[in-house]
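Chemist: Before I ask anything, let me first share the structure, which is written out below as structure tokens.
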Amino acid sequence: MAIPGIAANAYATTARLGSPGAGLSKTIGDVAGGKQDFGAMLRDAVQDIAAAGHKADVNSHALANGKANIVDVVTAVAETETAIASLVSVRDKVIQAYEEIMRMTI
Numbered sequence: 001m002a003i004p005g006i007a008a009n010a011y012a013t014t015a016r017l018g019s020p021g022a023g024l025s026k027t028i029g030d031v032a033g034g035k036q037d038f039g040a041m042l043r044d045a046v047q048d049i050a051a052a053g054h055k056a057d058v059n060s061h062a063l064a065n066g067k068a069n070i071v072d073v074v075t076a077v078a079e080t081e082t083a084i085a086s087l088v089s090v091r092d093k094v095i096q097a098y099e100e101i102m103r104m105t106i
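Just so we're aligned, residue 1 is where the sequence shown starts under UniProt numbering, counting upward by one.
As structure tokens, then:
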């Protein structure tokens, strides 16, 4: 089975998420003329994850109709799964930072 290849592809896709020219619509430095806009970056990441999920769904339907390769479907699902796990990790860090700020004394 090609599990190591699928995992390597998913990790490579995750590594490309933050690199310039990785297929994201905007990178951190490109937003607002060089200013970092976390909200826009997060919105773009969510849109990219939604697109990856849609691609996985399309591949799954094509497989059900006998028009797709199982490896492509598993790869698309694994990439989506990795991207969602990354987004959840970022969400957890944002919540943790917010809670830490709220504990600070004024």
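We put the CB at the ideal spot given by N, CA and C, even for glycine.
Between the Cα of V74 and the Cα atoms of K93, A85, A51, D57, which residue gives the shortest distance?
Modeler: It is D57.
Chemist: Between V88, M102, I84, M104, which lies nearest to H54 when the distance is taken from Cα to Cα?
Modeler: Ranking V88, M102, I84, M104 by Cα distance to H54 puts I84 first.
Chemist: Is E79 buried or exposed, if buried means 16 or more other CB atoms sit within 10 Å of its CB?
Modeler: That one is buried.
Chemist: May I have the straight-line CA-CA distance separating M102 from I95, to the nearest angstrom?
Modeler: Taking the straight line from one Cα to the other gives about 10 Å.
Chemist: Cα separation between D72 and N59?
Modeler: So the alpha carbons of these two residues sit roughly 7 Å apart.
Chemist: Looking at the structure shown, is G66 part of a helix, part of a strand, or coil, going by DSSP?
Modeler: Coil, per DSSP.
Chemist: Once the 5 residues before and after A68 are set aside, which same chain residues still bring their CB inside 7 Å of it?
Modeler: Within the same chain, A68 has close Cβ partners N59, A62.
Chemist: State the Cα-Cα distance for the pair E99 and T105, rounded to the nearest angstrom.
Modeler: Computed Cα separation, rounded: 12 Å.
Chemist: Out of K93, E81, D37, D92, state which residue places its alpha-carbon closest to the alpha-carbon of D48.
Modeler: Ranking K93, E81, D37, D92 by Cα distance to D48 puts E81 first.
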